[in-house]
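**Q** Dropping the structure in here first, questions after.
In this note's numbering, the protein residues as written are 1 to 181.
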């Protein structure tokens, strides 16, 4: 009935708004908004939607609150199958956190996560980030041949699927240039 549709519509709307705040480089508003929205949905008896948890994780990642980001990614990962495209975004988020935090063996951990995301979710939203991250990790580990091959794939993909203003074009150019020095 109508009661059941209400939370689903709210969750859909909540995801849309959170995405807008993230796209507008306003992660703090995404966090405040998403946390409020999830409280309302819980009060209405709705389960947490893994998509909203991942967006919230991304927002925390964007403000460098890696502890909260990791926690939210872990919780959402428990809620979805490995084959769910959302898991590709989770794997990429966790890999990006590894790169940001560093520490013993972080390149290996990041590379493993990026590689899994690229291999298991070639049609997913995070595929491009997974390709770029995988090549970046290989370059950092001195695996030059793999890195060059995978940067080629990433460049072809970026040119194929993104618009001129897509920030991933600049990100890829800067990443390649950094390793070319």
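Think of the CB as a built atom: it goes at the ideal place given N, C-alpha and C, for glycine as much as any other residue.
Quick check: the region 123-142 against the region 87-97, are at least 3 beta-carbon pairs closer than 8 angstroms?
**A** A contact exists between the region 87-97 and the region 123-142.
**Q** Once you ignore the five residues that flank residue 1 on each side, which residues in its own chain have a CB closer than 6 angstroms to its CB?
**A** With a pLDDT of 48 at residue 1, under the threshold of 50, the predicted position of this residue should be treated as unreliable, and no value is reported.
**Q** Looking at the secondary structure, which residues open and close the alpha helix (DSSP H) in which residue 89 lies?
**A** Per DSSP, residue 89 belongs to the alpha helix (DSSP H) from 85-101.
**Q** With respect to the alpha helix (DSSP H) encompassing residue 50, which residues constitute its N-terminal and C-terminal limits?
**A** Residues 50-62.
**Q** If you draw a straight line from the C-alpha of residue 101 to the C-alpha of residue 175, how long is it?
**A** Going from the Cα of residue 101 to the Cα of residue 175 covers about 18 angstroms.
**Q** Roughly how far, in whole angstroms, is the beta-carbon of residue 61 from the beta-carbon of residue 6, given that I think they are within contact range, below 8 angstroms?
**A** Actually they are not in contact, since the Cβ atoms of residue 61 and residue 6 sit about 30 angstroms apart, beyond 8 angstroms.
**Q** Assuming contact is defined by CB atoms lying nearer than 8 angstroms, are residue 55 and residue 22 in contact in what I supplied?
**A** The answer is yes: Cβ separation under 8 angstroms.
**Q** For residue 144, does the three-state DSSP call read helix, strand or coil?
**A** In the structure shown, residue 144 sits in a helix (DSSP, three-state: H, G or I).
**Q** Would you check if the distance between the CB atom of residue 120 and the CB atom of residue 109 is smaller than 8 angstroms?
**A** No, the Cβ-Cβ distance between residue 120 and residue 109 is not below 8 angstroms.
**Q** Assign residue 52 to buried or exposed, taking buried as 16 or more other Cβ atoms, counted over all protein chains shown, within 10 Å of its Cβ.
**A** When all chains shown are included, residue 52 counts as buried.
**Q** Residue 15 to residue 48, Cα distance in whole Å?
**A** Those two C-alpha atoms are separated by around 12 angstroms.
**Q** May I have the straight-line CA-CA distance separating residue 75 from residue 68, to the nearest angstrom?
**A** Looking at the two C-alpha atoms, the distance is approximately 11 angstroms.
**Q** Tell me the residue span of the alpha helix (DSSP H) that contains residue 179.
**A** 167-180 is the span of the alpha helix (DSSP H), which, as asked, contains residue 179.
**Q** Suppose contacts are defined by Cβ-Cβ distances below 8 angstroms. Is residue 118 in contact with residue 131 by that definition?
**A** Yes, the pair counts as a contact, with Cβ atoms nearer than the cut-off.
**Q** State the CB to CB distance for the pair residue 30 and residue 43, rounded to an integer number of angstroms; the pair is presumed to be in contact (CB under 8 angstroms).
**A** In fact, because the Cβ distance is near 20 angstroms, the residues do not count as touching under 8 angstroms.
**Q** If we ignore side chains and look at the alpha-carbon of each, how far apart do residue 157 and residue 115 end up?
**A** Cα-Cα distance, rounded: 16 angstroms.
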